Amino acid sequence: MTIQAGIGQQAAAAFGTLYAEVQQFYAHQMQLLDLGESQRWAETFTEDATFDVPTLPEPVRGRPGLVAATSRTAAQLAEAGQRHRHFIGMFDVSERPDGTVDVRSYAIVYASVIGGDSQVHRVCVCEDVLVRVEGALQVATRRVTRDDLA
Amino acid sequence: MTIQAGIGQQAAAAFGTLYAEVQQFYAHQMQLLDLGESQRWAETFTEDATFDVPTLPEPVRGRPGLVAATSRTAAQLAEAGQRHRHFIGMFDVSERPDGTVDVRSYAIVYASVIGGDSQVHRVCVCEDVLVRVEGALQVATRRVTRDDLA
Amino acid sequence: MTIQAGIGQQAAAAFGTLYAEVQQFYAHQMQLLDLGESQRWAETFTEDATFDVPTLPEPVRGRPGLVAATSRTAAQLAEAGQRHRHFIGMFDVSERPDGTVDVRSYAIVYASVIGGDSQVHRVCVCEDVLVRVEGALQVATRRVTRDDLA
């Protein structure tokens with residue numbers, strides 16, 4: 012490990028700390044979404060976050076819109092007797108000098124019919140900008156693309 | 012990184028260390044399961060661990076029961092010419108003051124027919140309590156739910 | 012955390028740093044592959060790396076062969092109107108005394124038809140030997156097996 016000695020080793024350790032924090036952030040955030048905890052989920056975004064996903068006709072801005080969109084989806088799934096799980100990973104993380112964090116990741120959405128089968132529903136790429144608000148990470152902008160769309 | 016200075020930074024670094032340890036623990040544990048290494052897999056649980064999964068008629072307690080259950084599954088898969096892989100991730104990790112670690116994660120089980128196709132078999136949520144035994148993590152209790160079951 | 016005090020705690024912290032580095036390495040490498048960035052992808056391997064995967068008739072050695080193989084695959088996918096994503100995880104990581112890193116992981120390949128469905132394409136086990144070149148990790152040898160093949 013001599014190559015990484017001194018400042019290189021400190022930077023590597025700091026990156027490791029950040030990387031774990033990012034993973035924990037996403038795991039918790041996506042679990043909140045899948046639990047239907049729309050309000051708590053929305054609070055992992057900044058107050059004025061932009062959220063651009065293919066399932067919405069246009070980008071949403073701000074938490075009330077986030078809550079509305081995910082509450083609607085949760086209600087539709089419950090009515091259809093289905094469960095969705097968002098499995099996110101493959102985090103490509105880079106930190107800017109000002110502490111803003113760019114994360115490009117893959118998210119697989121699995122759909123299960125209660126009493127039926129489970130299958131892959133969507134394969135997505137998620138590009139986020141994370142910022143710190145009172146020390147904690149929040150999503151400032153999210154842009155999701157789906158592999159099955161042109 | 013000024014926000015995280017001092018004690019906050021130390022706590023973040025300690026969490027990063029724990030988070031990596033948890034990930035390594037699960038990767039190794041699930042690989043042992045998929046390799047059919049039932050005995051070594053069972054040793055990643057405490058002596059008196061409880062294991063509550065939908066595939067078993069009732070919760071198992073203790074390593075001999077764990078070995079029996081997974082050996083049976085391994086034999087059935089071999090006979091059917093199939094392979095299963097347990098892909099676990101999405102770790103939501105929190106450590107209690109006494110060092111016990113709560114982990115809620117997602118586990119996707121993939122099934123492949125040798126000479127055939129691969130597909131999603133099960134989508135599961137895994138809730139574990141991990142404890143330290145001689146410094147190493149072990150599962151004290153595991154409760155798994157399946158998305159396709161009510 | 013008293014059990015991990017002293018040298019144990021330092022080793023755990025060093026492992027955490029390495030584990031994050033390994034995860035970041037694979038996330039970035041696989042994203043380059045899926046983006047069709049064959050040249051930059053090949054540069055994440057050593058100059059004389061060996062690459063042994065079931066899709067190739069025989070193992071490839073060296074970057075020009077890697078670029079050729081992946082460029083061919085990228086062209087075929089584009090022509091077929093499909094996208095592949097390599098979702099790798101489940102890293103079982105161990106470092107040798109000389110700094111070489113052994114990594115056994117699972118890689119799921121998802122295939123999406125543009126304008127159609129997404130599904131699991133392949134379930135693979137990836138066994139790599141990583142080395143450091145000027146401080147950065149590179150793959151020296153990769154051996155991939157597919158669950159659907161005998």
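Residue numbers (the working numbering), protein chains in the order written: chain A, 12 to 161; chain B, 12 to 161; chain C, 12 to 161. Glycine included, each C-beta is placed from N, C-alpha and C at the ideal position. Keep in mind that this is a model prediction, so the values were computed, not measured.
If we cut at 8 Å on Cβ distances, does Ile14/A have a partner in chain C?
Your numbering for residue 14/A matches position 3 in the first sequence. Per-residue confidence for Ile14/A stands at a pLDDT of 48, beneath the threshold of 50, marking its modelled position as unreliable; the derived number appears in the next sentence. Interface residue (Cβ-Cβ distance to chain C less than 8 Å): Ile14/A is classified as such.
For Asp128/C, the nearest candidate out of Gln93/A, Gln35/A, Ala122/A (CA to CA) = Working through the third sequence from its first residue, we reach residue 128/C at position 117. Of Gln93/A, Gln35/A, Ala122/A, the residue nearest in Cα terms is Ala122/A.
So which residues on chain C does Ile125/B lean against when the C-beta distance must stay under 8 Å? Reading the second sequence from its first residue, position 114 is the one you call residue 125/B. Neighbours of Ile125/B on chain C, chain order: Asp158, Asp159, Leu160, Ala161.
Query raised in the report: Under 8 Å Cβ-Cβ, which residues of chain B neighbour Phe26/C?
Result: As a position in the third sequence, residue 26/C is number 15, starting the count at 1. Residues of chain B passing the Cβ test: Thr28, Ala31, Glu32, Gln35.
- prompt: Going along chain B, which residues have a C-beta under 7 Å from Arg94/A?
  reply: Here residue 94/A is taken as the residue at index 83 of the first sequence, counted from 1. Chain-ordered, the chain B residues with CB closer than 7 Å to the CB of Arg94/A read Asp158.
Practice prompt. Closer than 8 Å by beta-carbon distance: list the chain C residues that pair up with Val134/A, in chain order.
Written response: Along the first sequence, one-based indexing puts residue 134/A at 123. Residues of chain C passing the Cβ test: Arg94, Arg96, Tyr121, Ser123, Ser129.
Endpoints, beta strand (DSSP E) assigned at Asp113/A:
Working through the first sequence from its first residue, we reach residue 113/A at position 102. That run of the beta strand (DSSP E) goes 112-124.
_CA-to-CA distance, Ala31/C to Ala31/B, given in whole angstroms_ = For this step, residue 31/B is matched to residue 20 along the second sequence. For this step, residue 31/C is matched to residue 20 along the third sequence. In this model, Ala31/B and Ala31/C are separated by some 7 Å (Cα to Cα).
Okay, do the region 143-159 of chain A and the region 60-78 of chain B touch, 3+ Cβ pairs below 8 Å being the bar?
A contact between stretches requires three or more CB pairs, one per stretch, nearer than 8 Å, and the region 143-159 of chain A fails this requirement with the region 60-78 of chain B.
Review point. Would you say Val142/A reaches chain C, if we count a Cβ-Cβ gap shorter than 8 Å as a contact?
Key: Locating residue 142/A in the first sequence gives position 131, counting from the first residue. The Cβ of Val142/A sits no closer than 8 Å to any Cβ of chain C.
With burial defined as no fewer than 16 other Cβ atoms inside 10 Å of the residue's Cβ, what is the status of Leu44/B: buried or exposed? Residue mapping note: residue 44/B aligns to position 33 of the second sequence, counting from 1. Leu44/B counts as buried, since at least 16 other C-beta atoms from the protein chains shown sit within 10 angstroms of its C-beta.
| query | Are there 16 or more other CB atoms within 10 angstroms of the CB of Ile18/B, so buried, or fewer, so exposed? | reply | Here the question's residue 18/B lines up with position 7 in the second sequence. So Ile18/B ends up on the exposed side.
Requested in this report: Would you mind sorting Ser160/A into buried or exposed? The rule is 16 or more other CB atoms within 10 Å of its CB.
Outcome: Here residue 160/A refers to the residue found at position 149 when the first sequence is read from its first residue. Note that residue 160/A is Leu in the sequence shown, not Ser. Counting every other CB atom within 10 Å of its CB across the protein chains shown gives Leu160/A a total below 16, marking it as exposed.
For this session: Pick out whichever of Ala25/C, Ala23/C, Ala53/C has its Cα sitting closest to the Cα of Tyr37/C.
Result: As a working mapping, residue 37/C is identified with position 26 in the third sequence. The candidate whose alpha carbon is nearest that of Tyr37/C is Ala53/C.
*asked:* Let me check understanding here. Comparing Cα to Cα, which of Ala118/C, Ile119/C, Val104/C lies closest to Val112/C?
replied: Here residue 112/C corresponds to residue number 101 of the third sequence, with the count starting at 1. Checking every option, the nearest Cα to that of Val112/C belongs to Val104/C.
Whole-number beta carbon distance between Ala24/A and Thr151/A, since they are thought to touch under 8 Å = Here residue 151/A corresponds to residue number 140 of the first sequence, with the count starting at 1. Here residue 24/A corresponds to residue number 13 of the first sequence, with the count starting at 1. The sequence given here has Ala at residue 151/A, not Thr. 26 Å between Cβ atoms; not a contact.
- Task: Verify whether the separation of the beta carbon atoms of Ile125/B and Gln93/B is less than 8 Å.
- Result: Here residue 125/B refers to the residue found at position 114 of the second sequence. Here residue 93/B refers to the residue found at position 82 of the second sequence. Result yes, Cβ atoms of Ile125/B and Gln93/B sit closer than 8 Å.
_Between Gln50/C and chain A, is the shortest Cβ-Cβ distance under 8 Å, so that the two count as touching?_
Taking the first residue of the third sequence as 1, we reach residue 50/C at position 39. No, its Cβ sits nowhere closer than 8 Å to a Cβ of chain A.
- To which residues of the same chain is Glu106/B closer than 7 Å at the C-beta, ignoring the five residues directly before and after it? Counting from 1 along the second sequence, the entry for residue 106/B is found at position 95. The answer, listed in chain order, is Leu29, Val112.
Q: Measure the alpha-carbon distance for Cys135/A versus Gly76/B and round it to whole angstroms.
A: Position 124 of the first sequence, counting from 1, holds the residue named residue 135/A. Position 65 of the second sequence, counting from 1, holds the residue named residue 76/B. The alpha-carbon of Cys135/A is positioned some 40 Å away from that of Gly76/B.
query = Going along chain C in order, which residues have a C-beta closer than 7 Å to the C-beta of Gly19/B?
reply = Walking along the second sequence from the start, residue 19/B turns up at place 8. Against chain C, a Cβ distance below 7 Å from Gly19/B picks out nothing, because the smallest value is about 17 Å.
>> Between Gln42/A and chain B, is the shortest Cβ-Cβ distance under 8 Å, so that the two count as touching?
In response: Against the first sequence, residue 42/A aligns to sequence position 31. Taking Cβ atoms only, chain B reaches closer than 8 Å to Gln42/A, which makes this a yes.
Quiz prompt | Host beta strand (DSSP E) of Arg74/C (start-end) | solution = Start at 1 with the first residue of the third sequence, and residue 74/C comes out as number 63. Here Arg74/C belongs to no beta strand (DSSP E); instead the alpha helix (DSSP H) covers 74-91.
Discussion item. Taking the alpha-carbon of Ser116/C as reference, which of Val78/C, Asp109/C, His97/C has the nearest alpha-carbon?
Written reply: For the purposes of this step, residue 116/C is taken as the residue at position 105 of the third sequence. Considering only alpha carbons, the answer is His97/C.
**Nonlocal neighbours in the same chain, by C-beta distance under 8 Å from Gly27/C, ignoring five residues either side** = Position 16 of the third sequence, counted from the first residue, corresponds to residue 27/C. Excluding residues within five positions, none has a Cβ falling inside 8 Å.
Discussion item. Counting only C-beta atoms, is Gly76/B closer than 8 Å to chain C at any point?
Written reply: For the purposes of this step, residue 76/B is identified with residue 65 of the second sequence, where counting begins at 1. No, its Cβ sits nowhere closer than 8 Å to a Cβ of chain C.
Next item on the list: Inspect the beta-carbon positions of Thr55/B and Gln40/B and report whether they are closer than 8 Å.
Entry: As a working mapping, residue 55/B is identified with position 44 in the second sequence. As a working mapping, residue 40/B is identified with position 29 in the second sequence. Taking 8 Å as the Cβ cut-off, Thr55/B and Gln40/B qualify as a contacting pair.
_Can you find the residues in the same chain that come closer than 7 Å, C-beta to C-beta, to His132/A, ignoring five residues on each side of it along the sequence?_
For the purposes of this step, residue 132/A is taken as the residue at position 121 of the first sequence. For His132/A, same chain residues with a beta-carbon under 7 Å away, outside a window of 5 residues either side, are His95, Val120, Tyr121, Ala122 in chain order.
Anything in chain C within Cβ reach of Ala38/B, meaning under 9 Å, just list it in chain order.
The residue labelled residue 38/B in the question sits at position 27 within the second sequence. Counting only Cβ-Cβ distances below 9 Å, Ala38/B has contacts in chain C at Gly100, Met101, Phe102, Asp103, Val104, Arg115, Ser116, Tyr117, in chain order.
message = Taking the straight line between their C-alpha atoms, what separation do you get for Thr57/B and Ser49/C?
response = Here residue 57/B refers to the residue found at position 46 when the second sequence is read from its first residue. Here residue 49/C refers to the residue found at position 38 when the third sequence is read from its first residue. Going by the C-alpha atoms only, they are around 46 Å apart.
message: Can you confirm whether Ala23/B, when its beta carbon is compared against all beta carbons of chain A, has any partner nearer than 8 Å?
response: For this step, residue 23/B is matched to residue 12 along the second sequence. Yes, contact with chain A.
**Item:** Three-state class that DSSP yields for Glu48/A in the structure shown
**Value:** For this step, residue 48/A is matched to residue 37 along the first sequence. Annotated three-state conformation of Glu48/A is coil, per DSSP.
Are the CB atoms of Val155/C and Val64/C nearer to each other than 8 Å? Translated into positions along the third sequence, residue 155/C becomes position 144. Translated into positions along the third sequence, residue 64/C becomes position 53. A distance below 8 Å separates the beta carbons of Val155/C and Val64/C.
Q) Could you give the C-beta distance for Arg153/A and Cys137/A, rounded to a whole number, given that I count them as a contact under 8 Å? A) Here residue 153/A refers to the residue found at position 142 when the first sequence is read from its first residue. Here residue 137/A refers to the residue found at position 126 when the first sequence is read from its first residue. Contact flag correct, Cβ pair sits at about 7 Å.
How would you label Asp139/B, buried or exposed, when you count the other beta carbons within 10 angstroms and need 16 or more for buried?
Residue 139/B sits at position 128 when you count from the first residue of the second sequence. Its Cβ being crowded by 16 or more others within 10 Å, Asp139/B is buried.
For Gln80/A and Leu67/A, which I take to be in contact (beta-carbon distance under 8 Å), what is that distance rounded to the nearest angstrom?
The residue you call residue 80/A lines up with position 69 of the first sequence. The residue you call residue 67/A lines up with position 56 of the first sequence. A small correction: the amino acid at residue 80/A is Ala; Gln does not occupy that position in the sequence shown. Sure, about 6 Å apart at Cβ, within 8 Å.
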